[in-house]
Ligand SMILES: *Cc1c(COP(=O)(O)O)cnc(C)c1O
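Numbering (the numbering used here), first residue to last: -4 to 381.
What follows is the structure, given as structure tokens:
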């Protein structure tokens, strides 16, 4: 099976991890801060906070912005469930804004329309979470304009997008948001096994994020109530979690970061090859590039249903049965049974549902060979015309 994505681990990556294994610390040592500084400087952000996953990052991002009971958070339906669950963890309500059919990112016009209605009803969101789908930045300039007008905070879910650019700046610079989140899960652009990172330019948010990443515990006397009782002393001053990244993971991440540009370059090479080979087929290809350089985490095609006789499912199954590990990113989150229980029903975001009925993610990862790509194209062509 040619997988839809896979990590690319070099001997240098392995040596970096082994070096940590032989050192004094395998967690909470010197490598996590080095990895944090490397990602912050790569992105041009003031602060980076490493955590155990992007899911953990999204959770504490919401908490640090004060999301709680009675608040409302909005995101895109075409995302992994974690982009929405983070609001529910905080006791807030979640709602979904339909996508733009060209990019599959949140639709700015739909967002503006919903904001105007929400303003009339007194139900404005506290936080909006745009998701840079497949690595292509959302229209952040417009979303930031809406944030100023309607007074909400922005968390960029950039789980797909490390290494991408928007308006010539690295995604993660924080120019148009409060917090940006990266994921380092093995299928993503670079990996730490499990892992995530938050970026922010706010010192206040950084302090809060660091505190709740590790139980809400501090050893800083300035933050304590009363005086320290001795060198052993620490205080829990907030309710936090153990969302820390280990030095083992950070060593892998730091080593992978060296090849980030190469990974993204290779993804563009593969995508361009697909673009050319697939141009005659009854498919639509996700838009990229506008004002952005996508990190190209995914290569998604959409069927043109009026031009194919077989169903989406038949084509998908025939690809899988022929050894092509295609996938579908994503099922609109609100169609999940858990979300149906919260009152969401089919038909809520028609463009997201139309996308879901047509989309297929083709295999793409840096070490993919041309033969493997040709195999994907051949099997896809057969599956479409069978
Ligand atoms: C992968 C992913 C997450 C969750 O990342 P983890 O690191 O696996 O917790 C969140 N949002 C999106 C869009 C993702 O693709």
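C-beta: ideal position from N, C-alpha, C; glycine also.
Taking 7 angstroms as the cut-off, is the C-beta of residue 288 nearer than that to any heavy atom in ligand 1? To locate residue 288, count along the chain shown from 1; it is residue 293. Flag unset: Cβ of residue 288 not near ligand 1.
Whole-number beta carbon distance between residue 353 and residue 297, since they are thought to touch under 8 angstroms: Within the chain shown, residue 297 is the residue found at index 302, counting from 1. Within the chain shown, residue 353 is the residue found at index 358, counting from 1. Residue 297 to residue 353, Cβ: 4 angstroms. Contact.
So does residue 48 have its beta carbon nearer than 7 angstroms to some heavy atom of ligand 1? For the purposes of this step, residue 48 is identified with residue 53 of the chain shown, where counting begins at 1. Yes; taking the cut-off as 7 angstroms, the Cβ of residue 48 has a heavy atom of ligand 1 nearer than that.
State yes or no: is the C-beta of residue 213 nearer than 7 angstroms to some heavy atom of ligand 1? Start at 1 with the first residue of the chain shown, and residue 213 comes out as number 218. Result no, Cβ not under 7 angstroms from ligand 1.
Can you list, in chain order, the residues of its chain whose CB lies under 7 angstroms from that of residue 33, leaving out five sequence neighbours each side? By 1-based counting over the chain shown, the position of residue 33 is 38. Excluding residues within five positions, the ones whose Cβ falls inside 7 angstroms are 249, 252.
From 254, 289, 7, residue whose alpha carbon lies closest to that of residue 155: Taking the first residue of the chain shown as 1, we reach residue 155 at position 160. With distances taken between Cα atoms, residue 155 lies closest to 289.
Can you find a heavy atom of ligand 1 that lies under 7 angstroms from the Cβ of residue 191? Residue mapping note: residue 191 aligns to position 196 of the chain shown, counting from 1. The answer is yes for residue 191.
Could you please give me the residues that DSSP links to residue 194 through a beta bridge? Along the chain shown, read from residue 1 onward, the residue named residue 194 stands at position 199. Residue 194 pairs with 43, 175.
Extent of the continuous alpha helix (DSSP H) run through residue 301: What you label residue 301 is simply residue 306 of the chain shown in a count that begins at 1. No alpha helix (DSSP H) contains residue 301, which DSSP labels as neither H nor E.
So, under 8 angstroms CB-CB, residue 15 and residue 246 are touching, yes? Tell me the CB distance rounded to an integer number of Å. Looking up residue 15 in the chain shown gives position 20. Looking up residue 246 in the chain shown gives position 251. Indeed, because the Cβ distance is near 4 angstroms, the residues count as touching under 8 angstroms.
Taking residue 23 as the reference, which of 238, 334, 321, 271 has the closest Cα? Sequence index remark: in the chain shown, residue 23 carries index 28 (1-based). Out of 238, 334, 321, 271, 238 has the C-alpha closest to the C-alpha of residue 23.
Whole angstroms is fine: what's the gap from residue 58's alpha carbon to residue 180's? Within the chain shown, residue 58 is the residue found at index 63, counting from 1. Within the chain shown, residue 180 is the residue found at index 185, counting from 1. Cα to Cα, residue 58 sits roughly 22 angstroms from residue 180.
beta-carbon residue 78 near ligand 1 non-hydrogen atom, thresh 7 angstroms: Here residue 78 is taken as the residue at index 83 of the chain shown, counted from 1. Yes, the beta carbon of residue 78 sits closer than 7 angstroms to at least one heavy atom of ligand 1.
From which residue to which residue does the beta strand (DSSP E) around residue 67 run? For the purposes of this step, residue 67 is taken as residue 72 along the chain shown, with counting starting at 1. Where residue 67 is concerned, the enclosing beta strand (DSSP E) stretches over 67 to 70.
For a test of the three-state rule: what should DSSP assign to residue 104, helix, strand or coil? Numbered from 1 along the chain shown, position 109 holds the residue referred to as residue 104. Helix.
Would you check if the region 361 to 378 and the region 106 to 119 touch, i.e. whether three or more CB-CB distances between them fall below 8 angstroms? no
Of the listed residues 134, 225, 334, nearest to residue 286 (C-alpha basis): Numbered from its first residue, the chain shown carries residue 286 at position 291. Per the Cα distances, 134.
Quick one: grab the DSSP three-state call for residue 361. Against the chain shown, residue 361 aligns to sequence position 366. In the structure shown, residue 361 sits in coil (DSSP, three-state: anything other than H, G, I, E or B).
If we ignore side chains and look at the alpha-carbon of each, how far apart do residue 10 and residue 254 end up? As a working note, residue 10 is residue 15 in the chain shown. As a working note, residue 254 is residue 259 in the chain shown. So the alpha carbons of these two residues sit roughly 15 angstroms apart.
Supposed contact pair residue 320 and residue 165 - C-beta distance, whole angstroms, cut 8 angstroms: By 1-based counting over the chain shown, the position of residue 165 is 170. By 1-based counting over the chain shown, the position of residue 320 is 325. About 30 angstroms separates the two Cβ atoms, so there is no contact after all.
Opposing strand residues paired with residue 354 [DSSP bridges]: Sequence index remark: in the chain shown, residue 354 carries index 359 (1-based). Note: residue 354 is bridge-paired with 297 in the DSSP secondary-structure output.
Looking only at its own chain, which residues have a Cβ that is under 6 angstroms from the Cβ of residue 301, when we skip the five neighbours before and after it? On the chain shown, position 306 is the one that residue 301 refers to. Taken in chain order, the list of residues that qualify is empty.
Going by beta carbon distance, what residues of the same chain come within less than 6 angstroms of residue 50, once the five residues before and after it are set aside? Numbered from 1 along the chain shown, position 55 holds the residue referred to as residue 50. Hits under 6 angstroms: 77.
Could you tell me which residues DSSP pairs with residue 209 in its beta bridges? Sequence index remark: in the chain shown, residue 209 carries index 214 (1-based). Answer is 237.
Given a cut-off of 8 angstroms on the beta-carbon distance, is the pair residue 167 and residue 132 in contact? Position 172 of the chain shown, counted from the start, is the residue given in the question as residue 167. Position 137 of the chain shown, counted from the start, is the residue given in the question as residue 132. Cβ atoms of residue 167 and residue 132: not closer than 8 angstroms.
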